[in-house]
Amino acid sequence: MSETTRTDVVLVGAGIMSATLGALLRIMEPDWSITLIERLDGAAAESSDPWNNAGTGHSALCELNYTPQRADGTVEITKAVHVNEQFQVSRQFWAHAVENGILPDVRSFLNPVPHVSFVHGADKIGYLKARRETLVQNPLFATMEYIDDSDEFTRRLPLMAAGRNFSEPVALNWTQDGTDVDFGSLSKQLIGYTAQRGMTTLFGHDVRDLSQNSDGSWTVKVVNRRTRSKRSIQAKFVFLGAGGGALPLLQKAGIKEAKGFGGFPVGGQWLRTGNPALAAAHQAKVYGAPPLGAPPMSVPHLDTRVINGRSYLLFGPFAGWSPKFLKQGKVTDLPFSVKPNNIGSMLGVGLTEMSLVKYLVGQLLLSEADRVDALREFAPSAVDSDWELDIAGQRVQVIRKKGAGGVLEFGTTVLAAADGTIAGLLGASPGASTAVPAMLDVMERCFADRYSSWEPKLKEMVPSLGIELSNEPKLFEEVWAYGTKVLKLDKTPSALTTNA
Numbered sequence: 003m004s005e006t007t008r009t010d011v012v013l014v015g016a017g018i019m020s021a022t023l024g025a026l027l028r029i030m031e032p033d034w035s036i037t038l039i040e041r042l043d044g045a046a047a048e049s050s051d052p053w054n055n056a057g058t059g060h061s062a063l064c065e066l067n068y069t070p071q072r073a074d075g076t077v078e079i080t081k082a083v084h085v086n087e088q089f090q091v092s093r094q095f096w097a098h099a100v101e102n103g104i105l106p107d108v109r110s111f112l113n114p115v116p117h118v119s120f121v122h123g124a125d126k127i128g129y130l131k132a133r134r135e136t137l138v139q140n141p142l143f144a145t146m147e148y149i150d151d152s153d154e155f156t157r158r159l160p161l162m163a164a165g166r167n168f169s170e171p172v173a174l175n176w177t178q179d180g181t182d183v184d185f186g187s188l189s190k191q192l193i194g195y196t197a198q199r200g201m202t203t204l205f206g207h208d209v210r211d212l213s214q215n216s217d218g219s220w221t222v223k224v225v226n227r228r229t230r231s232k233r234s235i236q237a238k239f240v241f242l243g244a245g246g247g248a249l250p251l252l253q254k255a256g257i258k259e260a261k262g263f264g265g266f267p268v269g270g271q272w273l274r275t276g277n278p279a280l281a282a283a284h285q286a287k288v289y290g291a292p293p294l295g296a297p298p299m300s301v302p303h304l305d306t307r308v309i310n311g312r313s314y315l316l317f318g319p320f321a322g323w324s325p326k327f328l329k330q331g332k333v334t335d336l337p338f339s340v341k342p343n344n345i346g347s348m349l350g351v352g353l354t355e356m357s358l359v360k361y362l363v364g365q366l367l368l369s370e371a372d373r374v375d376a377l378r379e380f381a382p383s384a385v386d387s388d389w390e391l392d393i394a395g396q397r398v399q400v401i402r403k404k405g406a407g408g409v410l411e412f413g414t415t416v417l418a419a420a421d422g423t424i425a426g427l428l429g430a431s432p433g434a435s436t437a438v439p440a441m442l443d444v445m446e447r448c449f450a451d452r453y454s455s456w457e458p459k460l461k462e463m464v465p466s467l468g469i470e471l472s473n474e475p476k477l478f479e480e481v482w483a484y485g486t487k488v489l490k491l492d493k494t495p496s497a498l499t500t501n502a
């Protein structure tokens, strides 16, 4: 017979979302019992692991897919402003957490790295100029520079300038105050904080089923993957922050809000180098324009990464494909996710997203030499032997029902039951960067009876809560200056000076 335990909150998945929600709930309700369930043997071992994502503090400074050009040549910045506003919320919470000992080691998870947009060719240069002119009118983007001088390009990006023929014009949008984030280290510190304050952690445990009880609570059935012993956990609230594994669990829960949703897994691959000379010659995250037919998350970029105190470069992502919903998932994940209520959505997307299918097939046919050739658009002098292929995490793109068919969504979606007893997070980029606003959204929707009493404390942690900083430049200056100091973003990390 399996044992049954009771808890106030169950968090499924030990990545950045559960880690953030757990810490926020522990701060708000120190007496609540919280149980974290993770199928792997360590925290942040899937999408939040630093090698499984780009580590970009997504604030729409460099990602061109957030600033599309309209037919008349003007640039639409609504999405960029929204993404940046979300990142500001995360940044404010991290600053509070560092100042108050919740995050004891800021340099292990956050480093200052410029965010840069890069294009070549006259038509794209015109777009980049218009993009900068439009964005700098907003306080959140006021420091963005436009650079089209080859000497200045060479000074700032030596690796990208080496061997480049500047007869074809190039241009940059350069923002000095971007960030590189190790979401694995961040997740571990947040989980450590909550665990030290009484959270039960069950690593190596699989959630096999969950069902709602007559009193609104949930029974979560769990199996120990080592001993095969079973247990049931009765929880007042369940959060499914299991990355690609969240969709099957939402389906098992049977909530009507998840009906019609499907998922399409897309893997990622990177070219990676730890060569100190190359890393020293490129200290920025440089995003290019998306290839024809490519999904937004496949915009090529050459990135500085700081992991465990050392500097690396990543280039990609190149798409891979597997039916698994997690890097360490099962090949049955995709077929088993097809249900009567979402088959129309999934088939509809299959018929309408032929450009994505074509793009994925093309990516799967790339050879090692083809990938380095793609890198040479950024770094013309790249040598094959300096770079190795690294497999990144799996992302499950959200398929939402629309009419008789479905639509593929790129972004992050929070699903919550109407009664507020269960919620889950689906989607990909900007994902981890928006963990704090996403989890505050979960708290507001699922704990509506308590949220107003939490607000004063939440506003201490996130002064801009409920306010658009774009419209409050003075407040933005205050929280930005405070965050920059506390998060040490005004100091160059040793990994980017010595590269030791």
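To get this note's numbering, take the position in the sequence shown, counting from 1, and add 2.
Every residue, glycine too, gets a C-beta built ideally from N, C-alpha and C.
Note that the coordinates shown come from a computational prediction; the quantities given were computed from them, not determined experimentally.
- Taken in chain order, the complete beta strand (DSSP E) segments of 3 or more residues contained in the region 410-455 are 414-418, 424-429.
- A direct Cα-Cα distance of roughly 7 Å separates residue 35 from residue 200.
- In this structure, the alpha-carbon of residue 193 lies about 7 Å from that of residue 25.
- Between the region 31-46 and the region 259-274, the count of Cβ pairs shorter than 8 Å is below three; the stretches do not touch.
- A straight line joining the alpha-carbon of residue 22 with that of residue 206 spans about 20 Å.
- Out of 414, 433, 446, the CA that lies nearest to the CA of residue 423 is found in 446.
- Per DSSP, reduced to three states, the secondary structure at residue 54 is helical.
- Taken in chain order, the complete alpha helix (DSSP H) segments of 4 or more residues contained in the region 38-112 are 80-101.
- Segment contact: the region 133-153 against the region 91-100, fewer than three CB-CB distances shorter than 8 Å; contact not assigned.
- For residue 177, same chain residues with a beta-carbon under 8 Å away, outside a window of 5 residues either side, are 63, 64, 116, 117, 118, 143, 145, 146, 147 in chain order.
- Annotation: residue 177 is outside any alpha helix (DSSP H); the continuous beta strand (DSSP E) that includes it extends over 172-177.
- One Cα belongs to residue 391, the other to residue 54, and the distance between them is close to 12 Å.
- Excluding residues up to 5 positions away in sequence, 161, 162 lie with their Cβ nearer than 6 Å to the Cβ of residue 381 in the same chain.
- The continuous stretches of alpha helix (DSSP H) do not include residue 320, which lies in the beta strand (DSSP E) extending over residues 312-322.
- Contact between residue 253 and residue 260 holds, since their C-beta atoms are separated by about 6 Å, short of 8 Å.
- In the same chain as residue 464, and ignoring 5 residues on each side of it, the C-beta atoms closer than 6 Å to its own belong to 91, 94, 95, in chain order.
- A check of alpha carbon separations from residue 81 across 75, 67, 73, 74 identifies 67 as the nearest.
- Under the 10 Å beta carbon count, residue 318 is surrounded by 16 or more other beta carbons and is classified as buried.
- Here residue 314 is near residue 281, since their CB atoms are less than 8 Å apart.
- Between the beta-carbon of residue 185 and that of residue 383 there is about 31 Å, and that puts the pair past the 8 Å contact cut.
- In this structure, DSSP gives residue 145 a state outside helix and strand, which the three-state scheme calls coil.
- In the three-state reduction of the DSSP assignment, residue 391 falls in the strand class, which pools E and B.
- Residue range 303-309 is occupied by the beta strand (DSSP E) that includes residue 309.
- By alpha-carbon distance to residue 208, the top candidate from 373, 232, 29 is 232.
- Residue 427 sits close to residue 243, with the two beta carbons spaced by under 8 Å.
- With 16 or more other Cβ atoms inside 10 Å of its own Cβ, residue 182 counts as buried.
- Nearest C-alpha to residue 28 among 48, 6, 198: 198.
- Annotation: the continuous alpha helix (DSSP H) that includes residue 18 extends over 18-30.
- Within the same chain, 114, 486 come within 8 Å of residue 492 by CB-CB distance, once the 5 residues on both sides are set aside.
- Put simply, the backbone Cα of residue 61 is about 8 Å away from that of residue 180.
- If you draw a straight line from the Cα of residue 129 to the Cα of residue 137, it is about 12 Å long.
- Distance between residue 288 and residue 7, taken at the CA atoms: about 49 Å.
- Contact annotation, residue 388 with residue 275: C-beta distance approximately 5 Å; criterion of less than 8 Å satisfied.
- According to the DSSP assignment, residue 255 belongs to the alpha helix (DSSP H) that extends over 248-255.
- Counting the other CB atoms within 10 Å of its CB gives residue 52 a total of 16 or more, which places it among the buried residues.
- Separation of residue 238 and residue 417 (C-alpha to C-alpha, rounded to the nearest whole angstrom) is 17 Å.
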